[in-house]
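S.K.: Protein chains in written order, with the working numbering: chain A, 961 to 1363; chain B, 961 to 1363.
There are 2 protein chains.
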Amino acid sequence: MSNSRRWFLRALTAAGGGIAVACRGTGRDAPAAARSLLGAPVDDYGERSPFERIARRVAQTTTPENSSSRTPLQDLHGMITPSSLHFERHHSGVPNLDPAAHTLMIHGLVERPLVFTVEELKRLPSVSRIYFLECSGNSATGWRPVPQPSVQAGHGLTSCSNWTGVPLSVLFKEVGVKPEGRWFVAEGADACKMARSIPIEKALDDALVAYGQNGEALRPEQGYPIRLLLPGWEGNSSVKWLRRLELVDSPSMTRDETSKYTDLMPDGRARQFTFLMEAKSLITRPSAGQKLSGPGFHEITGVAWSGSGAITRVEVSTDGGATWADATLQSPVLPKAHTRFTMPWRWEGSEVVLAVRCTDETGFVQPSRAELVTARGVNSNYHFNAIQGWKVQADGAVIDAAI
Amino acid sequence: MSNSRRWFLRALTAAGGGIAVACRGTGRDAPAAARSLLGAPVDDYGERSPFERIARRVAQTTTPENSSSRTPLQDLHGMITPSSLHFERHHSGVPNLDPAAHTLMIHGLVERPLVFTVEELKRLPSVSRIYFLECSGNSATGWRPVPQPSVQAGHGLTSCSNWTGVPLSVLFKEVGVKPEGRWFVAEGADACKMARSIPIEKALDDALVAYGQNGEALRPEQGYPIRLLLPGWEGNSSVKWLRRLELVDSPSMTRDETSKYTDLMPDGRARQFTFLMEAKSLITRPSAGQKLSGPGFHEITGVAWSGSGAITRVEVSTDGGATWADATLQSPVLPKAHTRFTMPWRWEGSEVVLAVRCTDETGFVQPSRAELVTARGVNSNYHFNAIQGWKVQADGAVIDAAI
């Protein structure tokens, strides 16, 4: 532990920045009465404490079924997102599918078109990995800036889970993809028939047909009973409630890869099939909408991730980007997964702007907004990954801040 | 991929061991009607599908409050245990604690006794790690064997979570442990005042006062709002609903480290303070109580873990222990965490005994029951970690089998 860090910690008990209080005569010990009663019995499926109220933030777009809900990043710990708080984005609501009746058909440019039941998929070789999933529309208000009330409201369309499923490469080997099968169309069983065209290379790399999420079955809003999972790629392409994979020779130009999920550039042309979610990081505490209890020691923490691989460095600035210092990465640091970072910090009580930027294993450094806008203009609605600042005001209140 | 594995996979579509069916004319595609309706709207806190019924198995010992419930290992995927399905073991039920009123007192042989509120603990430097937690009474029926109906019934007192909390070393630095403070007593706020004596070295190593579990707050049955977490050590020592840490010069000889949680040896003496949970592995699918659908390809999967560090090798036998083959370890492979393993297997339809053994980074190899009993006799109720076999009968039914 560095000398400066040791100083921070000693300061906890100093008069000015003290956190804990001396234990004698404080009256702060738990009341004895609360400890004299038997508690609740064991149960078959647990629930959270009634004192816990953190929730996804519903941001209705047009109808309750064509809407999104955002992960409360400011309240979370570690790298795993609780399944109950994984962000949602659906275009026609969450179908209630019976796994005994659901099937996956693989057809098109293949030697042996096949239909698999969910039970059959579970008998096949499986892979388990921890991967983030981020909607490409996350942080979209950064393009044409609107100050956001919280990290959840602005950036809560990213989550991270332990996924389990069958490698798509196994399934494609079974059906025997013909040489001209260079793309595949994935179609969901939701009413909008969500469909995306995906290049065959992703199937042969790390794509899964997933049925497990954080140890149990996929949650309904994450595609129960099966979904496509394309690690590191925009969430929309990981088609939920997956029912059909059709091998084709070129993209099908579905609605959600033409009128949506494309990036309009300054010259009026649109980037298409921009699947990769590039490196990004967020300070989740302190963040907008929170208020520091007072000067003294505070931990700065958050998450960083990259669709290109593992995060190698996270730097935090407490002076609006003038200087940067390395944060500690909490293990494990995994490719295409949220990485939790922490940094000790002493707030002196004056206005400061906090910011974070990350670097991934390809050497890619998260850009400033100016750098991002220079490259892509301000017409896009997707793939915003610039540095996000938070201003700590003199009273401790934290607000959204451009840097 | 090896030739033998490729052969397994091709066999999926062969007439005899086929899994999937050709898709034309099978009538197995999902009914169109189910896809034409809008689904459920987004929600603030998700729940699992109504089709999912897996549950902890309640094994009442004396009263509903002094009882345990076991994780359904046979139904889980990956390395993370869903918080709702984490095993439970309480001696006086689950207290419903208000985090705003709960405190942690650290006193005894210290320079500055202190009381921390939960909010104060959350301001301090934090650590996040993925660790298993196993009750030392897990698998206890192995000492004086009673065939178990399932891996859950026999071995379900182990789970694995992403924990977040304050290093105990940080707290102990703050209070200034006196040189004679060689142990500490951790006491819970449950009605039985669960208390255990722990050597100071563990506090200075990797012990946490944890408040986060799988991204959100600890669940009530896991110690909400705070618990001690001693990675790799028997679950009982990771005191839940933690309210007090008293630095002492020697163990306090509490009830749960004298009359309980000690290991009676063949010579009549008892091992005490046997905190370490040594390396262990379990095949979770196929396992007792399940039935194979028929000959052909099946994946063998399960978990391995060690309180001494990372798992380095998992070997599976499909002939009752006569020969062994290396299983694939799913990443990440982390110290003191469940490691998911997988192995492709073709069942020929005759009776076989499956088994698994693991090796950890210290070189420790999980023992056979004969080896374990030679060392420790059969009087103990704790720390059973011998190899577990499962017999696949000719009809596909799987039962508990000694090997």
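No residue lacks a Cβ here, since even glycine has one placed at the ideal position from N, Cα and C.
Start and end of the alpha helix (DSSP H) containing B:Ala1346?
M.R.: Where B:Ala1346 is concerned, there is no enclosing alpha helix (DSSP H), given that its DSSP letter is neither H nor E.
S.K.: What did DSSP end up calling A:Glu1134 once you bin it into helix, strand or coil?
M.R.: In the structure shown, A:Glu1134 sits in a helix (DSSP, three-state: H, G or I).
S.K.: Can you tell me which of the three DSSP states B:Arg1245 falls into?
M.R.: Of the three classes helix, strand and coil, the one that applies to B:Arg1245 here is strand, per DSSP.
S.K.: Straight-line CA distance for A:Ile1363 to A:Val1333?
M.R.: Those two C-alpha atoms are separated by around 13 Å.
S.K.: Put A:Ala1354 into one of helix, strand or coil per three-state DSSP.
M.R.: Coil.
S.K.: Using a 10 Å radius around the Cβ and a threshold of 16 neighbouring Cβ atoms, would you call A:Ser1277 buried or exposed?
M.R.: buried
S.K.: In chain B, which residues lie with their C-beta within 8 Å of the C-beta of A:Asp1003?
M.R.: Arg1016, Val1018, Ser1029, Glu1048, Glu1181
S.K.: If distances are taken between C-alpha atoms only, which option among A:Ala1149, A:Glu1259, A:Glu1238, A:Leu1207 comes closest to A:Thr1063?
M.R.: A:Ala1149
S.K.: Cβ closer than 7 Å: which chain A residues qualify as neighbours of B:Ala1113?
M.R.: Neighbours of B:Ala1113 on chain A: none; closest Cβ ~14 Å, over 7 Å.
S.K.: Closest to A:Ser1027 by C-alpha separation, out of A:Leu1045, A:Asn1098, A:Ser1052, would be which residue?
M.R.: Closest by C-alpha distance to A:Ser1027, out of A:Leu1045, A:Asn1098, A:Ser1052, is A:Ser1052.
S.K.: Checking 8 Å against the spacing of the C-beta atoms, do A:Lys1200 and A:Arg1179 come in under that value?
M.R.: no
S.K.: Any chance you could list the beta strand (DSSP E) runs of at least 3 consecutive residues sitting entirely within the stretch 1307 to 1347 of chain A, in chain order?
M.R.: 1312 to 1320
S.K.: Given that a residue counts as buried once 16 or more other Cβ atoms are within 10 Å of its Cβ, and exposed if not, what is A:Ala1346?
M.R.: buried
S.K.: A:Glu1194 by DSSP, collapsed to three states: which one?
M.R.: A:Glu1194 falls in the coil class under three-state DSSP.
S.K.: For A:Ser1096, which residues in the same chain have their Cβ closer than 8 Å to its Cβ, ignoring the five residues on either side in sequence?
M.R.: Glu1194, Gly1195, Asn1196, Tyr1221, Thr1234, Met1237, Tyr1342, His1343
S.K.: At the 8 Å Cβ level, is A:Ser1110 part of the contact set with chain B, yes or no?
M.R.: At least 8 Å separates the CB of A:Ser1110 from every CB of chain B.
S.K.: Can you tell me whether B:Arg984 is helix, strand or coil according to DSSP?
M.R.: Any reading at B:Arg984 must be qualified, since the residue scores a pLDDT of 48, below 50, and its modelled position is unreliable; no value is offered.
S.K.: Would A:Ile1347 pass as an interface residue toward chain B - the criterion being a Cβ-Cβ separation below 8 Å?
M.R.: Chain B contact via Cβ: absent.
S.K.: Ignore the nearest five residues each way along the sequence and tell me which others in A:Leu1128's own chain have a CB closer than 7 Å to its CB.
M.R.: Ala1163, Ala1167, Leu1168, Val1169
S.K.: Could you tell me how far apart the beta carbons of A:Gly1172 and A:Thr1124 are, in whole angstroms, since I believe they sit closer than 8 Å?
M.R.: Contact flag correct, Cβ pair sits at about 3 Å.
S.K.: Nearest-angstrom Cα distance between B:Gln1353 and B:Gly1254?
M.R.: 11 Å
S.K.: Which residues in the same chain have their Cβ closer than 7 Å to the Cβ of B:Ala1361, if we skip the five residues on either side of it in sequence?
M.R.: Val1313, Gly1349, Trp1350, Lys1351
S.K.: Report buried or exposed for A:Leu1057, applying the criterion of at least 16 other Cβ atoms within 10 angstroms of its Cβ.
M.R.: buried
S.K.: Determine the closest residue to A:Val1126 out of B:Ala1282, B:His1258, B:Met1065, with distance taken between C-alpha atoms.
M.R.: B:His1258
S.K.: For the stretch 1087 to 1103 of chain A, which residues have a beta carbon sitting closer than 8 Å to at least one beta carbon of chain B?
M.R.: Val1087, Ser1088, Arg1089, Ile1090
S.K.: Looking at B:Ser1129 and the ligand SAH, is the gap between the Cβ and the nearest heavy atom below 7 Å?
M.R.: Ligands in the displayed structure: none, and consequently the ligand SAH is not present.
S.K.: Can a CB atom of chain A be found closer than 8 Å to the CB of B:Ser1212?
M.R.: It does not; no Cβ of chain A falls within 8 Å.
S.K.: List in chain order: all unbroken beta strand (DSSP E) runs of 3+ residues lying wholly within the stretch 1173 to 1231 of chain B.
M.R.: 1187 to 1189, 1202 to 1208
S.K.: Just to make sure I have the definition right: I need the residues of chain A whose C-beta is within less than 7 Å of the C-beta of B:Thr1272. Which are they?
M.R.: None at all; the shortest Cβ gap to chain A is about 16 Å.
S.K.: Name the chain B residues that come within less than 9 Å of A:Ile1243, Cβ to Cβ?
M.R.: Residues of chain B passing the Cβ test: none, with the nearest at roughly 14 Å.
S.K.: Can you look up A:Leu1093 in the DSSP assignment and give me helix, strand or coil?
M.R.: Three-state result, A:Leu1093: strand.
S.K.: Does the beta carbon of B:Ala1357 come closer than 8 Å to any beta carbon on chain A?
M.R.: no
S.K.: Determine the DSSP secondary structure at A:Ser1088, reduced to helix, strand or coil.
M.R.: strand
S.K.: Looking at the secondary structure, which residues open and close the alpha helix (DSSP H) in which A:Leu1081 lies?
M.R.: 1078 to 1083
S.K.: What is the DSSP secondary structure of A:Ala1362, reduced to helix, strand or coil?
M.R.: coil
S.K.: Is the CB of A:Gln1034 under 8 Å away from at least one CB in chain B?
M.R.: no
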